[in-house]
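Peer 1: Below you'll find the structure I mean.
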Amino acid sequence: LAEACSVFGIQLVAVIRTYGPDDLNPSIRKLKQLGVQILYLTPGEYKAFDQQEAEKLFSGAMFIPEGGLSVHGIRGASEIVQSCIPHAPTHVIISGGTMGTACGLLMAMPSSIKVIIVPAWKGCTEEYVSGILNEYEIEPSCSWELWPDFHFEGFGKFNEELISFMTLFTSNTRIPLDPVYTGKMMYGIHQKIEEGYFKETDQILAIHTGGLQGIEGFKYRYPEKWNG
Numbered sequence: 004l005a006e007a008c009s010v011f012g013i014q015l016v017a018v019i020r021t022y023g024p025d026d027l028n029p030s031i032r033k034l035k036q037l038g039v040q041i042l043y044l045t046p047g048e049y050k051a052f053d054q055q056e057a058e059k060l061f062s063g064a065m066f067i068p069e070g071g072l073s074v075h076g077i078r079g080a081s082e083i084v085q086s087c088i089p090h091a092p093t094h095v096i097i098s099g100g101t102m103g104t105a106c107g108l109l110m111a112m113p114s115s116i117k118v119i120i121v122p123a124w125k126g127c128t129e130e131y132v133s134g135i136l137n138e139y140e141i142e143p144s145c146s147w148e149l150w151p152d153f154h155f156e157g158f159g160k161f162n163e164e165l166i167s168f169m170t171l172f173t174s175n176t177r178i179p180l181d182p183v184y185t186g187k188m189m190y191g192i193h194q195k196i197e198e199g200y201f202k203e204t205d206q207i208l209a210i211h212t213g214g215l216q217g218i219e220g221f222k223y224r225y226p227e228k229w230n231g
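Under our numbering, read the sequence shown as residues 4 to 231, first letter to last.
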């Protein structure tokens, strides 16, 4: 988002949840290089910060909720489907956080394609996703499924098995993964293939949603595990 705002000359204010600012954090340094104004809030303040609070401080600004989960965010994410269809997949697989991108896919995906969501956090259920779909009045034409067991004990959590998988995957494909979203998604796909979940005639399309800037944060926070 910061990169896009920089390109289009739009002033961005980043609202960041933290117990204390860390100016050495790679993501924070990058935001500052891109001219982003940063507003630090404690977890309690952050939870209460909404569009009304934003309007008080920044009158007339567009408020983008965490993860982009909104009518506009879902509609924007739905456009990804047009890039999927030409590949004729039987399955489209996406990592899930707030589920904004996943809901966009479910809103527009044709009935011939199954959408699989791999949550990046612990405790996600199909009922939770259904609740968001109901809230935004989305009735999917396609079938969909949740793979809730590849979170590695929680959001942002990892272990040596995930690191080894990501390292081998990138070495073999030259496609970098991130440890929060795409690494866990690809690990899940690999496991399901090993278990025989897919038929040989299935065509899998996995959507890489980015998050790669987070790798530098993991190297910064856990150098002994990630700098290799």
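Cβ atoms here follow ideal geometry from the backbone N, Cα and C, with glycine treated the same way. Here the structure is a predicted model, which is why all the values come from computation and not from measurement.
Out of curiosity, what's the CA-to-CA distance linking K202 and W150?
Peer 2: C-alpha separation (whole angstroms): 17 Å.
Peer 1: What first and last residue would you give for the beta strand (DSSP E) that runs through Y43?
Peer 2: The continuous beta strand (DSSP E) containing Y43 extends over residues Q40 to L44.
Peer 1: Give me the Cα-Cα distance between Q216 and E130, rounded to the nearest whole angstrom.
Peer 2: 31 Å
Peer 1: So, does the segment 53-67 touch the segment 86-94, judging by three or more C-beta pairs under 8 Å?
Peer 2: No, because fewer than three Cβ pairs between the segment 53-67 and the segment 86-94 fall closer than 8 Å, the two stretches do not touch.
Peer 1: On the criterion of 16 or more Cβ atoms from any shown chain inside 10 Å, does F11 qualify as buried, or is it exposed?
Peer 2: exposed
Peer 1: Just the Cα atoms here: how many angstroms apart are A80 and G71?
Peer 2: 10 Å
Peer 1: Would DSSP call W147 helix, strand or coil?
Peer 2: Correct three-state label for W147: strand.
Peer 1: Taking K117 as part of the beta strand (DSSP E), name the residues at either end of that continuous run.
Peer 2: K117 to P122
Peer 1: Measuring alpha carbon to alpha carbon, tell me which of A17, P92, Q14 and Y22 ends up nearest I207.
Peer 2: P92
Peer 1: Are the CB atoms of P113 and S146 nearer to each other than 8 Å?
Peer 2: no
Peer 1: Suppose you measure from the CA of E56 to the CA of F168; what does that come to, to the nearest Å?
Peer 2: 42 Å
Peer 1: In this structure, does DSSP put L37 in helix, strand or coil?
Peer 2: coil
Peer 1: Using CA atoms only, rank isn't needed, just tell me which of A17, A105 and E148 is closest to F52.
Peer 2: A17
Peer 1: Where does H94 fall in DSSP's three states?
Peer 2: strand
Peer 1: Cβ atoms of G214 and T185: under 8 Å apart, would you say?
Peer 2: yes
Peer 1: What first and last residue would you give for the beta strand (DSSP E) that runs through L208?
Peer 2: I207 to A209
Peer 1: Does DSSP classify V16 as helix, strand or coil?
Peer 2: strand
Peer 1: On the three-state DSSP scale, how would you describe G99?
Peer 2: strand
Peer 1: Would Y190 be called buried (16 or more neighbouring beta carbons within 10 Å of its own) or exposed?
Peer 2: For Y190, the number of other beta carbons within 10 angstroms of its own is at least 16, and it is reported as buried.
Peer 1: Are there 16 or more other CB atoms within 10 angstroms of the CB of I13, so buried, or fewer, so exposed?
Peer 2: exposed
Peer 1: Classify K187 as buried or exposed, calling it buried when 16 or more other Cβ atoms lie within 10 Å of its own Cβ.
Peer 2: So K187 ends up on the buried side.
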